[in-house]
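Encoded as structure tokens, the structure appears first; notes follow it.
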Amino acid sequence: MVSLLKSVINNVLRKPETRCYPVERRAPFAGSRGHVEMDPSTCTFCGVCARKCPANALTVSKDPRSWTLEPYKCIVCGYCADICPKKSISMNPNHGLPGGI
Amino acid sequence: MIMIDPVITALLAIFAVPFIGAFLVGLDRKLTARMQSRIGPPLLQPIYDVIKLLHKEPIVVNRVQIIYAGLHLIFMVLCVVLLALGQDMLMALFILAFSTISLILGGMSVRSPYSRIGSQREIMQMLSYEPILILMLVGIYLINDSFMARDILASGKPLLLSLPLIFPAFLMVMAIKLQKSPFDFSTSHHGHQEIIKGITLEYSGPFLAILEITHWYEIFLLFFIITMFWATSIPVGLLIAAVCFFCEILLDNIMARLTWPWMLRFMWTVALGLAVTNVLWLYI
Amino acid sequence: MSLMNTVAVSPDRLLQEVAGKYRQRYRFATMTCTDIGDGYDILYHFDKDYELCNLRLYLKKGEELPSISSIFFAALLVENEIKDLFSIPIRDLVIDYGGRFLLTEDAPVAPMGREGCSRAIDIRLQGAPEEEDK
Amino acid sequence: MHLYTFLSLLLIFGPLIFGLLVMLAPGWRYKTPVIVLSALTIMAGGILLALQGPFTLSIDSGLMKALPLIELLILAIIIYIGFAIKKMLIIGLGILQLAIGLISDMLPHSVQAHVPTLKVDLLAVIMVLIVSVIGPLIVMYAIGYMKRYEVHGPEQMRSTGLFFFFLIGFLGVMNGLVMSNDLKLLAIFWELTTLCSFMLIGHDKTEDAGESAYRALWINSLGGAALMLASFLSISASGSASLDELVAVGSLLPLALICLAAFTKSAQLPFQSWLLGAMVAPTPVSALLHSTTMVKAGVYLIIRLAPGLGGTRMGQVVAIAGAFTFALASAMAISQSNGKKVLAYSTIANLGLIIICAAIHTPLAYAAAILLTCFHAISKAMLFLCVGTIEQGIGSRDIEDMEGLMRKMPITTVIAIIGMVSMMMPPFGMLIGKWMALEAVIMSPLVLFLLIMGSALTVVFWSKWIGRIQTVAYHPVYKIEDVPFSMFATKGVLLLGIIAAAAVVVPLFKRVISPMAMAMFSETVVTSRSWDLMNSASAFIEWPLFFMLALVVPVLFLVVRGIKKSHIRQPFLCGENLEGAKTTFEFRTLMDKGESARIRSYYLNPLFGEAHLTAWANPIAIALIFIMFGVISK
Amino acid sequence: MPGSKSIIPFGPQHPVFPEPLQLRLVLEDEKVVEALPAIGYVHRGIEKLAEKKEYTQNIFLVERICGICSFMHALAYCQGIEMLMDVTVPDRARYLRVIWSELHRLHSHLLWLGLLADSFGFESLFMQSWRSREAVMDIMEATAGGRVIISTCIIGGVRRDISEELMAEVLKTVDVLERDLEIIRPVVFDDYSVKQRLVGTGRITSEQAYDLGSVGPVARACGIARDFRETGYAAYKEIKVTPVTETGGDAYARARVRIREMYQSIDIVRQAVRDIPAGDIAVPARGNPEGEVISRVEQPRGEVIYYIKGDGTKNLERLRVRTPTFANMAPLLTMLPGCELANVPVIVLSIDPCISCTER
Amino acid sequence: MNCREKSPWIVHFNCNSCNGCDIEFLACLTPIYDVERFGIVHVGNPKHADILVVSGAVNHRNVRVLKNVYEQMPSPKAVVALGACGATGGIMADCYNVLGGVNQVIPVDVLVPGCPPRPEAIMDGILQAARLLNVHQKDRHAGAEVRLTLQPVSEPEKV
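In structure tokens:
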């Protein structure tokens, strides 16, 4: 009849399962895709990542050597990290921080 | 309480009661959260909410709404004051009903579908609990020979012993009044359902705060009535009230919300049956 | 690789064929429409016991397509969708959304056609005060 | 000749003459002043009579000899009508009454000098006040109403002269009814009210109207026959047909018959159908006959006879029947969307409530009955007038069509809202009456239960209706309605009356009604409890509510004033409000088309549907009437 | 009876629906007389975009047709392209695809249960099922690197392997889940209030369900034993699946089907973890797809149909998706008339609608 | 006592989202994350809300709903756009029926990156928006409401 009764009472007696996020932060899982990072020391600015990025969030130019990521356009798929010939792009497991305009 | 000067009692009722109500709402939210294995908001959250609401932009759909919100509050306060002064309980209940009617009319004054549906449902809620409340008073009258709250408080024996069946019926009414599952139909106070926030939907900012404060008074009122069932010893009465309060929250957490036709059926058979049975044996 | 179990059908034979499928207890799965330049390649997919059976229909541009929603009610939604996205006139729809099923007035016309979007819309934020409204 | 003799003759026969004058006056130019003048005369007469206070009047026995002749005439008219509309039932009932009348006339009839023919006690004074103050107001309202009615109605509805004759003449008949102490005289007036009602219901001469008029006639004739029989029994038993005698003797069978007659006239279950049908009549008729005065004749009789009923088993059954009507009529009102029908059901329910109070017959109940009679008359008359105005304004009496009325007819709407509020909310009298009734019936469980259920049901249809008409758009453009002065002014006067009555309810109770109750119960010990209650009631009304309202209403007013135009936003329609729709409530839906959001009130037909509730309520009500007669023999 | 009927908009901004969908409801008292959907609030035009993007990029696009069953979208797409390009997927990848598929099914069903519970005001059940769902989300993030959209499926296999330790974690998670399900199951199956709301709500007959082309749990709740996993794509050849069926045809039967499917998914995950062979996780795919193919996969909501037409370039000529909710819309429209307003969200959620799937 | 920050009530509108952001937002309400700790309540209608949480990009049909929901909120109010779609349109930016990010239509205060963002990121974003409510309060009467228009850039071509 009232099937959740036991579980509800158990919940009251036990410690809540809540992770108090801003106070206690859980370490991210290894290999988790948080946000994109690029190591400029190895990058050749070949532009493969920009061409292959599904969301067109990357722009790379050779002449003024620049590599820009629009963080709010990036869909964190990690495709750029996969195809980067020099493996200079990697995924940081921490999530990207919100920002204002 | 009655011994003190009535003016002081009335002022106390007007100014202290909302804080007790707010505390109870806070407790309710905290306990509910714990039952769902959450930490929940701080105990004073209702007060934060109301202060925030009071400072928000006063958006309305029409000006009539405001008057009804005001009347809702006044009638509720009046009801609490009347009870605190130990006045006629039948009148107090009528006043309570008018408070609810004001809310209903406020909801209907806006041509918003959800607000309207909420009002219609609130009417159905009234229809299902009003007879029980009056029957409860009839029961009390038959025992104490008086509708006066002060006579009940002063009477020698606990009401609960004479009204054992009306008490659970009243608890069902309380569940409706507290907007708890399985009855939360007109406002969806807890959780989101088909009519969003129903009757309170078109109120925002300070006017929503008024409704919230009224709810605090209402909660205190219900507590007061429960305590009255064991008026001979206030601590015992409070204990009973606390247990009932906990049970209401528990019920809210272990039941789905049902539909108002079900409520009407249930209240008019089970709860009304209990109340009538109890009243009948008092007659004999 | 080409699609298995595919039968070509002409627009005037379509309803008969579809009714035949209904009698054979086939279920309507979906329709696919592709703009192939001078016309549309429309596929009706029917399903029975995990086997798909397709009817292939070639519709010249500007021609009208009969609706099968009176036979398979379920076809209603996808026919409305095709009407929207390709601007193909479909007659006898049980519920006709009149080309406003997925798209609105401002949206591009026949966006799934070869030409793609034929209308561009821009929205922009303006800081003008409310009073100007009058 | 005493002043009161003149006044009572004026109040009884004056209206008939005025009515004739109005009928004969050609065109509105002459009709209007005559109507106003006669209305004011009647009103003045009524007030003067009330100031004169209670009196009794004996009419010369020679004049009384003419009574059978008048009776014969009236019954002949009824039988003629029966032939004219080819209804055997009417003819049969007419002949039955004729037979009983003739037999009773042949009985040795000892006209005792000490028994007055007209007895105007405080109760009758109150009734006369209701009839001759509210009545003329409604008659004046009818000026504006009928002018419009003529214009909009079809050809056959234009017999305005006859209409006013019956409407004004009715006032005299009704005055006669409440003043008469002699059952035979009473029966004559009774038949006359029936006739007036018949003629006025049938005024439109449509098929519907004819059918309703016929129903009203036969049901009321049934009551008339019961009344005749009662007077016959009374004369045969004690040789006197005076009401006083009847009460004093306390023989139950005539009382029961009179109660039956009262039930028919007050449209109690199972006789409610005629009153509902009567709503086809022009609204002033509904307001005057079918809510304020004529239907009150039934409850008035029961209040008059209450001392004979009090404490008997039969009295209990009458109370139960009243309570049953109260609860069931309230329930049936929920399923109605026709405004006048809701008012009709509410009238039936409230008459039931008054009957309960009368039949219970304790001081408190007696006081409640009188209070309810007064307050109900004012409020209901006003509500009917409002509905009449609304009906002419929007062309419909359906509650659902009254959406947004606040914008179209703001003044009428506000008056109507106050009227409805006065039917259920403090500080108005109906609530006080209901409250007293509740406390009065507390010792009879069944009545109490029905009363409780009925009260809860009452709230439903009133709040539904108020909710419907008070809606205002978020940028309303108010239209000042075009309502004739007569219609507007009469409602205004009634509104003032309601407010005044609410304000003076406590003094009224203390000065007038409780002495009445005291006088009535002089022998019995008035229990201290009830009177204590009264004190608390006055305490309640006098200070906390008014104090708080006085405190908060200005604050609310300031808050409302503080709302700027920019604070007024569209209602929530799930985000799909149509832009630019400032007064409608359109949302975008299929194909991006705008459609107005509508919410119909709930009518709960499966639960409270008229047809299926009536199907089982009527048999129970009939059974209750049989029980009423049955308990006599015990 | 007199008076016009009520007409109200239900949605698009409505907290009961997590997604924008408008139902234009015609009511009499609270009984629904007519319900017509107005959609298009989530229509983006993904099918057209897929013609512009490269077929490899499309994997990430189709995943975002729906965030709840994203992996299955990618799976259906990849399987279609693999058929066109004649790629044979390594065994280990097939098993991994099954594991992630079933984890997705678990999270989707738990999510659905929470939303359903929310629709009838059972907040605790909502909290309970979403709390259990977090376990799945955690293991998904640990194994695939993303909580919701896991982007692991690629043409020719999968992107990531699951290590031995993580496999143990997966097993542990499903154990925890099974324990939690033991709390949830009796609530859905036996609780008085839940049954009051679900039994008889939105009932359609088996005949109707068949004719209207319903798929997934909606069909199975009417006793139609259809589960595309039976045909043995991915590793379902080795792991046999029998369709879970119920006969009620109402919201209650649909809820039962989903709860029982969760147990089934747990079994499948265990079996897959046990039987998974070692080896490569992907083979390279060369060239461009050419020709047309239909690829079907059983999603949590039913069977998804992908029609892919390639013309030998790296862009596709046509990509057409028929999602399960699209197929279940027609049954939904027949369920709504005649129900109570209070049951509208219950019925809508009982088919587990995914509007973003439907409109793409 | 700063109550505005302590009790931000939320209304959530799903514009064009694939559900990924929606369910991650809903996950914030559930026991593991429990945003009610901060007084955050999902009220579900704009009239009660302080913060509008939008997931997904804007399309031609939901643009007016979004606008409407925003207009119906009483000030002070803040807007949080979830995920890549909400911010810029993300991968969907080139779709024919997508108009772009939420900030094309209403002023957005906080953007939360990710596709979908994790519940933790969403919580960060909402709390940041809650702090912004105070800033908005100050210029509540000074600044006029943002007027939003929808107008074609070029005349539609004939097909």
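From first to last, the protein sequence lines stand for chains Y, D, W, Z, C and L. Under this note's numbering, the first residue of the first sequence is numbered 1, with each subsequent residue one higher. Under this note's numbering, the first residue of the second sequence is numbered 1001, with each subsequent residue one higher. Under this note's numbering, the first residue of the third sequence is numbered 2001, with each subsequent residue one higher. Under this note's numbering, the first residue of the fourth sequence is numbered 3001, with each subsequent residue one higher. Under this note's numbering, the first residue of the fifth sequence is numbered 4001, with each subsequent residue one higher. Under this note's numbering, the first residue of the sixth sequence is numbered 5001, with each subsequent residue one higher. Think of the CB as a built atom: it goes at the ideal place given N, C-alpha and C, for glycine as much as any other residue.
Checklist entry - Between the C-alpha atoms of ASN10(Y) and ALA1256(D), what's the straight-line distance to the nearest angstrom? => result Along the first sequence, one-based indexing puts residue 10(Y) at 10. Along the second sequence, one-based indexing puts residue 1256(D) at 256. When rounded, the separation of the alpha-carbon atoms in ASN10(Y) and ALA1256(D) is 19 Å.
Next on the checklist: Just to confirm the assignment: which complete alpha helix (DSSP H) runs, minimum length 4, are found wholly within the stretch 3312–3377 of chain Z?
Outcome noted: 3313–3334 and 3339–3360
Next on the checklist: Using 8 Å for Cβ pairs, my map puts SER4108(C) next to CYS4069(C). What's the rounded Cβ distance?
Outcome noted: By 1-based counting over the fifth sequence, the position of residue 4108(C) is 108. By 1-based counting over the fifth sequence, the position of residue 4069(C) is 69. Contact between SER4108(C) and CYS4069(C) is confirmed by a C-beta separation of about 6 Å, below the 8 Å threshold.
Checklist entry - Whose C-alpha, out of ALA3615(Z), TYR3030(Z) and TYR3004(Z), is nearest the C-alpha of GLY3045(Z)? => result Position 45 of the fourth sequence holds residue 3045(Z). Cα-wise, what sits closest to GLY3045(Z) is TYR3004(Z).
Item to check | Opposing strand residues paired with ALA3611(Z) [DSSP bridges] | outcome: For the purposes of this step, residue 3611(Z) is identified with residue 611 of the fourth sequence, where counting begins at 1. Answer is none; ALA3611(Z) lacks a bridge partner.
Checklist entry - Does the beta-carbon of ASN3220(Z) have 16 or more other beta-carbons within 10 angstroms, so that it is buried, or is it exposed? => result On the fourth sequence, position 220 is the one that residue 3220(Z) refers to. It is buried - the Cβ of ASN3220(Z) has at least 16 other Cβ atoms within 10 Å.
Next on the checklist: According to DSSP, is PRO5031(L) part of a helix, a strand, or is it coil?
Outcome noted: Working through the sixth sequence from its first residue, we reach residue 5031(L) at position 31. The answer is coil: DSSP assigns PRO5031(L) none of H, G, I, E or B.
Checklist entry - Would you call ARG2025(W) buried or exposed, if buried means 16 or more other Cβ atoms sit within 10 Å of its Cβ? => result As a position in the third sequence, residue 2025(W) is number 25, starting the count at 1. Exposed, by the Cβ-count rule.
Checklist entry - Using DSSP with H/G/I as helix, E/B as strand and the rest coil, what is LYS87(Y)? => result The residue given as residue 87(Y) occupies position 87 in the first sequence. In this structure, LYS87(Y) counts as coil in the three-state DSSP scheme.
Next on the checklist: Quick check on CYS4222(C) - is its C-beta less than 9 Å from some C-beta in chain L?
Outcome noted: On the fifth sequence, position 222 is the one that residue 4222(C) refers to. CYS4222(C) does not count as touching chain L.
Checklist entry - What separation, rounded to the nearest whole angstrom, lies between the Cα atoms of PHE3428(Z) and VAL3459(Z)? => result Counting from one through the fourth sequence, the residue named residue 3428(Z) turns up at place 428. Counting from one through the fourth sequence, the residue named residue 3459(Z) turns up at place 459. Distance between the alpha carbons of PHE3428(Z) and VAL3459(Z) is about 15 Å.
Item to check | Alpha carbon of ILE3074(Z) to alpha carbon of ILE3138(Z), nearest angstrom | outcome: Here the question's residue 3074(Z) lines up with position 74 in the fourth sequence. Here the question's residue 3138(Z) lines up with position 138 in the fourth sequence. Approximately 26 Å between the Cα atoms of the pair.
Item to check | Reference GLY3388(Z), options HIS3376(Z), ILE3079(Z) and MET3402(Z), closest by Cα | outcome: Residue mapping note: residue 3388(Z) aligns to position 388 of the fourth sequence, counting from 1. For the residues HIS3376(Z), ILE3079(Z) and MET3402(Z), the minimum Cα distance to GLY3388(Z) belongs to MET3402(Z).
Checklist entry - Whose CA, out of ARG1116(D), LEU1258(D) and LEU1274(D), lies closest to the CA of PHE4120(C)? => result Within the fifth sequence, numbered from 1, the residue matching residue 4120(C) stands at position 120. Taking only the C-alpha atoms, the option nearest PHE4120(C) is LEU1258(D).
Next on the checklist: I'd like the list of long-range same chain contacts for ILE1047(D), defined as Cβ closer than 6 Å, with 5 residues on each side in sequence excluded.
Outcome noted: Sequence index remark: in the second sequence, residue 1047(D) carries index 47 (1-based). Taken in chain order, the residues that qualify are ALA1022.
Checklist entry - Of all the alpha helix (DSSP H) runs that stay within the bounds of the stretch 3418–3477 of chain Z, which reach a length of 4 or more residues? => result 3429–3440 and 3445–3469
Checklist entry - Is the Cβ of LYS4314(C) closer than 9 Å to any Cβ of chain Z? => result Position 314 of the fifth sequence, counting from 1, holds the residue named residue 4314(C). Not an interface residue.
Checklist entry - How would you call PHE3587(Z), buried or exposed, if buried means at least 16 neighbouring beta carbons within 10 angstroms? => result Taking the first residue of the fourth sequence as position 1, residue 3587(Z) is located at position 587. Classification of PHE3587(Z): buried, given that the 10 Å Cβ count is 16 or more.
Item to check | Cα-Cα separation between LEU3343(Z) and ALA3331(Z), rounded to whole angstroms | outcome: Here residue 3343(Z) is taken as the residue at index 343 of the fourth sequence, counted from 1. Here residue 3331(Z) is taken as the residue at index 331 of the fourth sequence, counted from 1. Straight-line Cα distance between these residues: approximately 13 Å.
Next on the checklist: So MET4083(C) contacts chain D; which residues on that side make the cut at Cβ distance below 7 Å?
Outcome noted: Numbered from its first residue, the fifth sequence carries residue 4083(C) at position 83. Simply none; closest approach about 44 Å.
Next on the checklist: According to DSSP, is LYS6(Y) part of a helix, a strand, or is it coil?
Outcome noted: The count along the first sequence starts at 1 and reaches residue 6(Y) at position 6. LYS6(Y) falls in the helix class under three-state DSSP.
Next on the checklist: Quick test of your reading: PRO5117(L) and CYS5021(L), contact by CB under 8 Å. State the CB separation rounded to the nearest angstrom.
Outcome noted: Your numbering for residue 5117(L) matches position 117 in the sixth sequence. Your numbering for residue 5021(L) matches position 21 in the sixth sequence. That pair is a contact at about 7 Å.
Item to check | Range of the contiguous alpha helix (DSSP H) that encloses ARG4320(C) | outcome: Within the fifth sequence, the letter at position 320 stands for residue 4320(C). ARG4320(C) -> not in any alpha helix (DSSP H); beta strand (DSSP E) instead, spanning 4316–4322.
Checklist entry - At what residues does the alpha helix (DSSP H) containing HIS1072(D) begin and finish? => result Numbered from 1 along the second sequence, position 72 holds the residue referred to as residue 1072(D). Taken as a continuous stretch (DSSP letters only), the alpha helix (DSSP H) holding HIS1072(D) covers 1064–1084.
Checklist entry - Could you give the residue range of the beta strand (DSSP E) that holds PRO4009(C)? => result Taking the first residue of the fifth sequence as position 1, residue 4009(C) is located at position 9. From DSSP, the beta strand (DSSP E) with PRO4009(C) extends over 4006–4010.
Checklist entry - Which residue from SER3335(Z), LEU3508(Z) and ALA3489(Z) puts its Cα closest to that of ALA3462(Z)? => result Residue mapping note: residue 3462(Z) aligns to position 462 of the fourth sequence, counting from 1. Here residue 3462(Z) is Trp; the residue named in the question, Ala, does not match the sequence. The shortest Cα separation from TRP3462(Z) among SER3335(Z), LEU3508(Z) and ALA3489(Z) belongs to SER3335(Z).
Item to check | Whole beta strand (DSSP E) elements within the stretch 3052–3112 of chain Z, 3-residue minimum | outcome: Within the stretch 3052–3112 of chain Z, the complete beta strand (DSSP E) segments at least 3 residues long are 3055–3057, listed from N- to C-terminus.
Checklist entry - When you compare only the Cα positions, how much space is there between LEU3010(Z) and GLY3172(Z)? => result In the fourth sequence, residue 3010(Z) corresponds to position 10, counting from 1. In the fourth sequence, residue 3172(Z) corresponds to position 172, counting from 1. For LEU3010(Z) and GLY3172(Z), the gap between their C-alpha atoms comes out near 8 Å.
Checklist entry - Under 9 Å between the Cβ atoms of ASN4343(C) and GLY4216(C)? => result As a first step, residue 4343(C) is located in the fifth sequence; it is residue number 343 there, counting from the start. As a first step, residue 4216(C) is located in the fifth sequence; it is residue number 216 there, counting from the start. For ASN4343(C) and GLY4216(C), no; Cβs fall outside 9 Å.
Checklist entry - What are the residues of the stretch 12–44 of chain Y that lie near chain C, defined by any Cβ-Cβ distance shorter than 7 Å? => result GLU17, PHE29, GLY31, SER32 and ARG33
Checklist entry - Of the choices ARG4160(C), LEU4027(C), ILE4007(C) and LEU4049(C), whose alpha-carbon is the least far from that of ALA4282(C)? => result The sequence position of residue 4282(C) within the fifth sequence is 282, counting from 1. Among ARG4160(C), LEU4027(C), ILE4007(C) and LEU4049(C), the Cα nearest to that of ALA4282(C) is on ARG4160(C).
Item to check | Residues that ARG4197(C) contacts on chain D, provided the C-beta gap is smaller than 7 Å | outcome: For this step, residue 4197(C) is matched to residue 197 along the fifth sequence. Here the neighbours are ALA1256 and LEU1258.
Checklist entry - What three-state label does DSSP hand SER3242(Z) in the structure shown? => result In the fourth sequence, the residue the question calls residue 3242(Z) occupies position 242. Three-state result, SER3242(Z): strand.
Checklist entry - Straight-line CA distance for ALA3306(Z) to LEU3162(Z)? => result Within the fourth sequence, residue 3306(Z) is the residue found at index 306, counting from 1. Within the fourth sequence, residue 3162(Z) is the residue found at index 162, counting from 1. Computed Cα separation, rounded: 37 Å.
Next on the checklist: Give me the subset of the stretch 5074–5092 of chain L whose CB atoms are less than 9 Å from a CB atom of chain Z, sorted by chain position.
Outcome noted: PRO5074
Checklist entry - What three-state label does DSSP hand PRO1018(D) in the structure shown? => result Taking the second sequence and counting its residues from 1, the one referred to as residue 1018(D) is at position 18. Under the three-state reduction of DSSP output, PRO1018(D) falls in the helix class.
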